[in-house]
Amino acid sequence: MFYKTAKILLCCLPFFVVGLFFYFNGLPAKALGFASDRIKVSWPGSPSDHAIKFRTKKATPPGGKIVVTPEGGFAFYPGFDYTDVDLATSSSSDGPFADRELSASSTAASDGVFALASSTDGYAEITLNSSYGIDPGVWVSLEFGTIATYGETGDRQIVNASATGSYGVIIETYDAVDTYIERARPMISLVEPINLTTSQSSSRSNGVPTGVLGYNTTETIMSLYTNFKATCRYSTVADTLYDDMVNQFQFTGNYFHSITVSGLTNNGHYDYFVRCREESGVRDNSTICIYNAATTTESCVDYEITFEVAGVEGGEEGEEGGGEGGGGEGGAGGGSGGGGSGGSGGGAGGGRGQEMGRGRGNYLPYPPLPGAPGVILSGWAYPDSDVVILKDGTEEGLAKSDANAFFGAFLADLSQGVYTFGLWSTDSKNRRSLTYSTTFWIDDGTQTTVSDIIIPPTIELGKNSLSSGEALSVFGQSAPNKSVEVWLFPQKEGQLKDEEIVKKSGVTGPTGEWSVSMDTTGLKGIYRVKAKSMINGVGESGFSQIIDLSIGAPAVPAEECAGADLNKDGRVNITDFSILLYWWGTDNACADQNHNGTVDLIDFSIMMYYWTG
39 MFYKTAKILL CCLPFFVVGL FFYFNGLPAK ALGFASDRIK VSWPGSPSDH AIKFRTKKAT
99 PPGGKIVVTP EGGFAFYPGF DYTDVDLATS SSSDGPFADR ELSASSTAAS DGVFALASST
159 DGYAEITLNS SYGIDPGVWV SLEFGTIATY GETGDRQIVN ASATGSYGVI IETYDAVDTY
219 IERARPMISL VEPINLTTSQ SSSRSNGVPT GVLGYNTTET IMSLYTNFKA TCRYSTVADT
279 LYDDMVNQFQ FTGNYFHSIT VSGLTNNGHY DYFVRCREES GVRDNSTICI YNAATTTESC
339 VDYEITFEVA GVEGGEEGEE GGGEGGGGEG GAGGGSGGGG SGGSGGGAGG GRGQEMGRGR
399 GNYLPYPPLP GAPGVILSGW AYPDSDVVIL KDGTEEGLAK SDANAFFGAF LADLSQGVYT
459 FGLWSTDSKN RRSLTYSTTF WIDDGTQTTV SDIIIPPTIE LGKNSLSSGE ALSVFGQSAP
519 NKSVEVWLFP QKEGQLKDEE IVKKSGVTGP TGEWSVSMDT TGLKGIYRVK AKSMINGVGE
579 SGFSQIIDLS IGAPAVPAEE CAGADLNKDG RVNITDFSIL LYWWGTDNAC ADQNHNGTVD
639 LIDFSIMMYY WTG
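Our numbering numbers the first residue of the sequence shown as 39 and each following residue consecutively.
What follows is the structure, encoded as structure tokens:
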């Protein structure tokens, strides 16, 4: 169910890393018949659930033990106990599995769980109850972390080792006097999160806890994620420089950062201000925390984690109300609504009617990995412009760029599958850009970042017909203070030679406007013009729309989006298909290739005929 495939952030590899089965190299002869470990998150330094399964060859008697020891620096989070473990058995590998009762110590009716919380030699030890052992040939399922849901739901996980690589997880069984019985060592792998681009804007996210914690909460786990390897610190005073912060997260140095915060009191309000430094020593360079390497000046906006502890104790289920009145104002347990029962948990007000209150309750939160996939898109368009976000040809929303033309957008709650995302914008003169597009697979539990997107510049000609030797004026808009390169080349069949292309560079102004004058001496015929933008240290955009012009020759009447090249970039590919879908069922003159007044299947067939890929 939960553990079928695994994936690492921002890529298309499997999400859960599966242990190697029947791994007996270097083990004693008394080996378990089968052993595997599947982990939910394969990032170094990140907390993860573990789903372990093995089959016994020999019996483990009442009072015997099962010991699980991850090798190489895995850590059981402080407070890890029996509520974070499920133990079940079955006669078949596919189940059904029967859960065994667990408690803090072994009794006649329940198995006891002990976990040593250590970053170097931590282990979990389960002592079977004094009445029932585990027979030979039985399949055993062990679930560690938030997937342990029998009885109570787990709130502690096992923190991965800090380095990538393959690690063994030792599973051993003993009798009641600690005599070794059987052993196995399945392998798991840790890998770096993978991004779709070679460089990206740094970001900090998923900070928890938030809102109101339950009455009498005295400690909580504060944590966040970064999309770069970093060491994070925090302060209770805003605008504290990183080097002046004395509080460092307990688990940090990778992508996940956490610490147990104690000493919380009822009705207390808590603000923590976080800053992180990349592994290379460079501070955050996200849009919310900029490090200017040229001036060595840090200009940051803190990443703030804010929460409070409820000041009033509320009933676990609130008090019943009558009728359908609105929910009342709740305390820690969600007080009674005027018309119905308030809910349990940390109070954010009671519910309406029989609705439960919205409080979070007294618990230690972990930052959840996104259950539904999400995609972050960021880059440069035009200053103060609206960037249209398309998903599979359908408009999803707008992202507003700033004065420097930078924009960012987050698409949440997606489903697993292949998507084509497109972005386009209009400049200050209402000239529309070509559509930047990217297609990739996303899977459950992942967040993909596509950064350093550069929307192609807009382009316009002073004249579309001129005499040979007459200066050609080309202008448009891009991001401010960036380079632009314009190409002028003849319209012809076949491959262009480099010597046939006239290139001219320019620089955009403070508002992103650019203008280039090109010499047409010696040129005659139908020519084409296009441009691209370049950002130093980032990369270059795709080319702009192609504009035809005549030089010393009769002007050629323009045909609307000839040959199904809807974005006029000289190719017919997925971008044009996305545009076709966007205009589907309308009378858009460009997408309506057969000019019958409707964009339909015939226009799609025409596009397939001209398809270049």
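Think of the CB as a built atom: it goes at the ideal place given N, C-alpha and C, for glycine as much as any other residue.
Checklist entry - Taking only runs of the beta strand (DSSP E) that begin and end inside the segment 67-127, which ones reach a length of at least 3 residues, in chain order? => result Qualifying beta strand (DSSP E) stretches, in chain order: 72-77, 88-93, 103-108.
Checklist entry - With G550 and Y420 assumed to form a contact (beta carbons below 8 Å), what rounded beta-carbon distance in angstroms separates them? => result G550 to Y420, Cβ: 5 Å. Contact.
Checklist entry - Can you name, in chain order, every residue of its own chain whose Cβ lies under 6 Å from the Cβ of L510, other than the five neighbours on each side? => result Correct list, in chain order: M556, T558.
Checklist entry - Which term fits G388, buried or exposed, when burial requires 16 or more other beta carbons within 10 angstroms of its beta carbon? => result With a pLDDT of 38 at G388, under the threshold of 50, the modelled position of this residue cannot be trusted; read the value that follows with caution. Classification of G388: buried, given that the 10 Å Cβ count is 16 or more.
Checklist entry - How should M645 be labelled, buried or exposed, when 16 other C-beta atoms within 10 angstroms of its C-beta is the threshold for buried? => result Under this definition M645 is a buried residue.
Checklist entry - What residues in its chain sit with their C-beta under 8 Å from that of T636, if we drop five residues either side in the sequence? => result Closer than 8 Å at Cβ, skipping near neighbours: G623, T624, D625, D630.
Item to check | Unbroken stretches of the beta strand (DSSP E), 3 residues or longer, contained in the segment 438-478 | outcome: Complete beta strand (DSSP E) runs here, min 3: 444-449, 455-463.
Item to check | Chain-order list of residues whose beta-carbon lies under 6 Å from that of K91 (same chain, five-residue window excluded) | outcome: Sequence-distant partners of K91 (beyond 5 residues in either direction) whose C-beta falls short of 6 Å from its own C-beta, in its chain, are S74, S179.
Checklist entry - Roughly how many whole angstroms lie between the Cα atoms of K530 and R566? => result K530 and R566 have their alpha carbons spaced roughly 10 Å apart.
Checklist entry - What beta strand (DSSP E) runs, 3 residues minimum, are completely inside the segment 232-285? => result Within the segment 232-285, the beta strand (DSSP E) runs of at least 3 residues that lie entirely inside it are, in chain order, 242-246, 249-251, 258-264, 268-273.
Checklist entry - Who are D586's beta bridge partners in DSSP? => result In the DSSP output, where bridge partners are listed per residue, D586 has R566.
Next on the checklist: Less than 8 Å between C-beta atoms, sequence neighbours within five positions excluded: which residues of the same chain meet that for D119?
Outcome noted: So the qualifying residues of the chain are A142, V151, A153, R194.
Checklist entry - Which of the three DSSP states, helix, strand or coil, is assigned to A602? => result In the structure shown, A602 adopts helical secondary structure according to DSSP, grouped into three states.
Next on the checklist: Less than 8 Å between the beta carbons of S471 and T458, yes or no?
Outcome noted: Cβ atoms of S471 and T458: not closer than 8 Å.
Next on the checklist: Using 8 Å for Cβ pairs, my map puts V207 next to I226. What's the rounded Cβ distance?
Outcome noted: Separation of the CB atoms of V207 and I226 is rounded to 6 Å, and the pair is thereby assigned contact status at 8 Å.
Checklist entry - Over what stretch of residues does the beta strand (DSSP E) that includes D641 continue unbroken? => result Segment 639-648 is the alpha helix (DSSP H) holding D641; no beta strand (DSSP E) there.
Checklist entry - Going by C-alpha distance, which of V425, Y253, K429, L639 is nearest V347? => result Y253 is the residue among V425, Y253, K429, L639 whose C-alpha sits nearest the C-alpha of V347.
Checklist entry - Quick one: any contact between the segment 574-589 and the segment 532-540, if contact means 3 or more CB pairs under 8 Å? => result Under the Cβ criterion (8 Å, minimum of three pairs), the segment 574-589 does not count as touching the segment 532-540.
Item to check | For Y161 and S243, the rounded distance between their alpha carbons | outcome: When rounded, the separation of the alpha-carbon atoms in S243 and Y161 is 30 Å.
Checklist entry - Nearest-angstrom Cα distance between F112 and L639? => result Each residue's Cα considered, the two are about 56 Å apart.
Item to check | Backbone CA spacing between L561 and L504 [nearest angstrom] | outcome: One C-alpha to the other measures close to 11 Å.
Checklist entry - My guess is that C72 and D122 are in contact by the Cβ rule of under 8 Å, so how many angstroms apart are they, rounded? => result Reading the sequence as shown, one finds Phe at residue 72 and not Cys. Actually they do not touch by this definition, with Cβ atoms about 24 Å apart.
Item to check | Where the alpha helix (DSSP H) through D614 begins and ends | outcome: Going by DSSP, D614 is part of the alpha helix (DSSP H) stretching over 612-620.
Next on the checklist: By the DSSP assignment, the beta strand (DSSP E) with T165 in it spans what residues?
Outcome noted: Looking at the DSSP string, the run of the beta strand (DSSP E) that includes T165 is 161-165.
Checklist entry - Are there 16 or more other CB atoms within 10 angstroms of the CB of Y647, so buried, or fewer, so exposed? => result Using a 10 angstroms sphere on the CB of Y647, the tally of other CB atoms stays under 16, which defines it as exposed.
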